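Worksheet: one structure, shown below.
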Amino acid sequence: MDPIALIDELYEKNNLSDEGLLYLLDHMDQRHQHYLVERAHDTRMRVYGNRVFMRGLIEFTNYCKRNCTYCGIRRENDKVERYRLTPGQIMKSAETGYGLGYRTYVLQGGEDPYFTDERLAGIIEAIKSRFPDTALTLSVGERSRESYQRLFDAGADRYLLRHETASRELYEKLHPGMSYDNRHRCLLDLKDIGYQVGAGFMVGLPGQGNKHLVEDLRFLKSFRPHMVGIGPFIPHHDTLLKEEPAGTVSQTVTLLAMVRLLLPEVLLPATTALGSLDNLGREMGIQAGANVVMPNLSPTEVRDKYLLYDGKICTGDEAAECRQCIEGRITQAGFAIDMTRGDHPGWRA
Ligand code: 5AD
Ligand code: FES
C-alpha cells in the first residue's frame, strides 16, 4: 500500500477501509502528514471556507461523581477546591460573552448531582429567553433519556459527550464503575431527541495504539456526530496516570485531518488541550481542518480550579483577553473568525 494513494482515496471517497486507516497511521511520516493536512485543508475550505466558529465556554461546576482515571477533577481527587457558579454568575458570564459577540454558549461541568433537571432547565430557560438568538450547548455527562429530553425542551440545542475511546477494553480500564454501553446509549438518545451531538476522543491515552484509533475513526464515521472533540491526553499530577507520557501534537493533528476527511461537514474544534501542549497547537489544528475554537468565559476566580490536566492555558485571562488573543491567532494564521451560531449544515432548525 502507498500512503499517498490511501490519502487520495480518503479525500475522494470520504472513507477508507480499517486496513487502510491503520496502514496510514502506522506509516505516517512528515511528508505524508503534510499531504494529508493539505487535503484536509482543501476539504474544509470547500465546505466552510476560511471561517472559524467561536463558542464561549462556561465551566460552571467542578464537582464530579465520576472517577475517570485521567481526569484532574475526578471524585477521588481531594486536593481540588470545588466550586459551583450560581445562576446569577452563569448569567453574568453569558452577558459578558454576548457583549463580546458570542452567539453560542457551552455550559460545561463535571457530573454534579446538585444540578438536577429542574435547576439546569431553569438556567437554560433564563439564558435562552434573555438571548434568543444564541445557541446553547450542554456538556454535563451521562444522564437519563428523560433528563436529556427535559433539557432539550428547556431550550438546549447541542450536547457534547465524548465517547473518550471506542475500544470497550480501554474504556473500561480508564473509567472504573462506568459502562461503555451506557455512554453509547446516551449518544444515541441525544441524537434521537434532536440535539446536534458532539462525540470525540483523546489521543495518546495510556495503552492506546493505532488499532484503537482506527476504532475511534470507524465509530465516528458510522455514528456521524455533528461535532467531534479531539485532544491529546495530558497527565494530571494528582491522578494515577501522572507519570504517563502525554499524547503528541503531531498525532492529534493527523487525527484531526483524518476526521475532516471522513466527515467533511463536521464541526471540529482546535481544543484547549492541543493549545496547552504547544503554543501554536490550535493554529496547527486549524490548518489541519479544525474550524471551531472555544475560548473561556468562566469568571477568572474559578479558572484555575477547572483543571482536567496540567499546564492548561488561559487560566489567568479575562474573557475579553481570550477573545482578543484567539482572534489575533486565527487571523495571523490566515483564517477569519465567525461569531454566528454556526450550526451544522445538515441540521434542520
Ligand atoms: N487530558 C486531556 N483531556 C482530558 N479530558 C479529561 N481529562 C483529560 C486529560 N487529563 C477531556 C475528556 C473530557 C473532556 C471534557 O476533557 O475527553 O471529555
Ligand atoms: Fe485565552 Fe489566548 S485564548 S489567552
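Numbering (numbering that gives the first Met the number 0), first residue to last: 0 to 348.
Using N, Cα and C, we set each Cβ at its ideal position, and we do this for glycine too.
In this text the structure is predicted, and so the values were computed from the model without any measurement.
At which residues does the alpha helix (DSSP H) containing residue i begin and terminate?
i, result
"residue 283", "280-286"
"residue 198", "Looking at the DSSP string, residue 198 is not in any alpha helix (DSSP H); the run it does join, the beta strand (DSSP E), is 195-202."
"residue 147", "144-152"
"residue 272", "271-276"
Any chance the CB of residue i is under 7 angstroms from a heavy atom of ligand 2?
i, result
"residue 295", "yes"
"residue 325", "yes"
"residue 63", "no"
"residue 94", "no"
"residue 3", "no"
"residue 191", "no"
"residue 303", "no"
"residue 282", "no"
"residue 277", "no"
"residue 57", "no"
"residue 285", "no"
"residue 312", "yes"
"residue 300", "no"
"residue 8", "no"
"residue 321", "yes"
"residue 316", "yes"
Helix, strand or coil: how does DSSP classify residue i here?
i, result
"residue 207", "coil"
"residue 214", "helix"
"residue 181", "helix"
"residue 98", "helix"
"residue 314", "coil"
"residue 231", "strand"
"residue 292", "strand"
"residue 72", "coil"
"residue 2", "helix"
"residue 51", "strand"
"residue 187", "helix"
"residue 125", "helix"
"residue 167", "helix"
"residue 138", "strand"
"residue 25", "helix"
"residue 258", "helix"
Should residue i be labelled buried (16 or more other beta-carbon atoms within 10 Å of its own) or exposed?
i, result
"residue 12", "exposed"
"residue 331", "exposed"
"residue 311", "buried"
"residue 229", "buried"
"residue 181", "exposed"
"residue 113", "exposed"
"residue 45", "exposed"
"residue 329", "buried"
"residue 339", "exposed"
"residue 131", "exposed"
"residue 6", "buried"
What residue does the beta strand (DSSP E) around residue i start on, and which one ends it?
i, result
"residue 56", "55-60"
"residue 44", "Unbroken run through residue 44 is the alpha helix (DSSP H), 29-47; no beta strand (DSSP E)."
"residue 299", "Note, residue 299: premise wrong, no beta strand (DSSP E); alpha helix (DSSP H) at 299-302."
Those residues, in chain order, that have a beta-carbon closer than 6 angstroms to some heavy atom of ligand 1: 69, 70, 161, 163, 201, 230, 232, 233, 235, 272, 307, 308
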